[in-house]
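Residue numbers (this note's numbering): 266 to 618.
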């Protein structure tokens with residue numbers, strides 16, 4: 266299976282960004298043209314592009330698009346206005362740390378690049394392209410390290426994943442689904458079970474769609490079937506992605522991930538988190554400090570045009586939950602698989618901003 270057969274949700278082409286509109290999958294494959302920073306911010310906020318690494322790549326291009334709109338030739342004024350661009354993008358999604366990582370890397374590039382404002386703008390485009398390319402390489406490394414970390418038996422594994430942490434959630438290949446891809450390529454995958462992932466159904470819509478594109482055997486289950494499947498001996502390991510990982514290994518991922526981790530622990534099934542080093546936020550001590558985004562209650566009470574709930578009731582719609590580090594067998598990064606207790610000592614020195 267080659268990368269030529271795979272999905273790339275964020276593409277720089279003909280002086281603009283093309284995004285796969287993930288809100289329209291799987292029924293329609295459509296591309297959205299992004300020419301302005303404001304449009305990129307809206308695309309991130311409305312989840313046209315989603316998944317922490319993909320958001321980071323999109324934000325990097327958003328920084329360049331915003332820089333391109335700045336008309337001054339004065340360096341200091343340019344850098345001040347670029348901070349305003351960063352502020353706009355930071356306000357889109359509070360939980361995904363890759364967003365903030367990519368923005369800071371772009372700001373650092375601008376601050377450290379000498380030359381005219383036009384030269385700075387070209388340096389920012391080059392940096393955004395580098396972040397894009399690096400993420401694809403990172404995901405392939407995560408997939409291969411994840412394959413090595415998975416149980417050695419049985420020979421053919423049945424993996425469960427929650428939400429979508431595939432090519433659509435990254436620059437390509439995926440994190441958790443990257444592990445699935447590498448396992449499939451190594452002929453060690455029997456089947457992947459995809460939680461539907463309420464309320465936005467990213468597992469049913471996106472993970473399943475990606476698997477179909479590449480012929481990976483996939484079975485969609487509702488979120489409340491995970492415990493039954495584990496009890497019936499249908500799952501050998503769980504692999505999920507992450508939107509932010511605290512220094513102690515506590516991991517924020519799509520709502521429902523914590524439940525899956527608890528069930529896996531109860532059935533003695535290893536639970537793996539797959540994420541790039543940029544997803545680890547060494548500035549926060551533990552998961553209690555991770556901000557949790559709350560989204561529109563319409564995601565709960567409405568699917569398409571169908572209203573599911575009676576009027577006059579209240580809703581609570583956190584987009585993420587935090588899985589404690591002691592439920593995680595290993596965190597798989599591009600540098601290898603590490604226990605949560607190893608993160609700070611083994612990986613902190615490799616942190617890149």
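Note that CB positions come from ideal geometry on N, CA and C, so glycine has one too. Bear in mind that the values here come from a model prediction, so they are computed numbers and not experimental data.
Within 8 angstroms, strictly: CB atoms of residue i and residue j
i: residue 468; j: residue 444; result: no
i: residue 437; j: residue 476; result: no
i: residue 504; j: residue 435; result: no
i: residue 295; j: residue 324; result: no
i: residue 359; j: residue 558; result: yes
i: residue 586; j: residue 528; result: no
i: residue 335; j: residue 370; result: no
i: residue 514; j: residue 590; result: yes
i: residue 453; j: residue 420; result: yes
i: residue 459; j: residue 485; result: yes
i: residue 382; j: residue 340; result: yes
i: residue 385; j: residue 393; result: no
Cα-Cα separation, residue i to residue j
i: residue 594; j: residue 537; result: 6 angstroms
i: residue 301; j: residue 361; result: 21 angstroms
i: residue 447; j: residue 412; result: 6 angstroms
i: residue 283; j: residue 472; result: 20 angstroms
i: residue 377; j: residue 554; result: 31 angstroms
i: residue 391; j: residue 398; result: 11 angstroms
i: residue 303; j: residue 414; result: 41 angstroms
i: residue 402; j: residue 599; result: 9 angstroms
i: residue 450; j: residue 535; result: 21 angstroms
i: residue 588; j: residue 570; result: 33 angstroms
i: residue 620; j: residue 461; result: Past the edges of the chain, shown from 266 to 618, lies residue 620, and the structure says nothing about it.
i: residue 315; j: residue 433; result: 8 angstroms
i: residue 357; j: residue 490; result: 33 angstroms
i: residue 274; j: residue 329; result: 18 angstroms
i: residue 400; j: residue 541; result: 8 angstroms
i: residue 380; j: residue 609; result: 37 angstroms
i: residue 321; j: residue 488; result: 27 angstroms
i: residue 292; j: residue 607; result: 43 angstroms
i: residue 584; j: residue 463; result: 10 angstroms
i: residue 440; j: residue 288; result: 20 angstroms
i: residue 543; j: residue 509; result: 9 angstroms
i: residue 601; j: residue 506; result: 15 angstroms
i: residue 306; j: residue 551; result: 28 angstroms
i: residue 603; j: residue 574; result: 43 angstroms
i: residue 280; j: residue 338; result: 21 angstroms
i: residue 345; j: residue 351; result: 10 angstroms
i: residue 406; j: residue 539; result: 11 angstroms
i: residue 285; j: residue 372; result: 26 angstroms
Extent of the continuous beta strand (DSSP E) run through residue i
i: residue 518; result: 516-519
i: residue 455; result: 454-460
i: residue 296; result: 296-299
Secondary structure of residue i, DSSP reduced to three states
i: residue 510; result: strand
i: residue 601; result: strand
i: residue 318; result: helix
i: residue 450; result: helix
i: residue 267; result: Residue placement at residue 267 cannot be trusted, given a pLDDT of 39 that sits under 50; what the coordinates show is reported in the next sentence. DSSP places residue 267 in coil when its eight states are reduced to three.
i: residue 343; result: helix
i: residue 430; result: coil
i: residue 348; result: helix
i: residue 337; result: coil
i: residue 488; result: helix
i: residue 609; result: helix
i: residue 545; result: strand
i: residue 475; result: helix
i: residue 272; result: coil
i: residue 559; result: strand
i: residue 308; result: helix
i: residue 524; result: helix
i: residue 436; result: coil
i: residue 464; result: coil
i: residue 529; result: helix
i: residue 324; result: helix
i: residue 497; result: coil
i: residue 286; result: coil
Cross-strand partners of residue i (DSSP beta bridge)
i: residue 247; result: Because the chain in this structure spans residues 266 to 618, residue 247 falls outside the shown range and cannot be described.
i: residue 281; result: 278
i: residue 571; result: 568
i: residue 591; result: DSSP lists no partner for residue 591.
i: residue 538; result: 505, 596
i: residue 483; result: 457
Limits of the alpha helix (DSSP H) - the one that residue i falls within
i: residue 368; result: 362-377
i: residue 392; result: 382-414
i: residue 581; result: Run containing residue 581: none; DSSP gives neither H nor E here.
Residue i beta carbon near the ligand PLP (any heavy atom closer than 7 angstroms)
i: residue 583; result: No copy of the ligand PLP occurs in the structure displayed, which carries no ligand at all.
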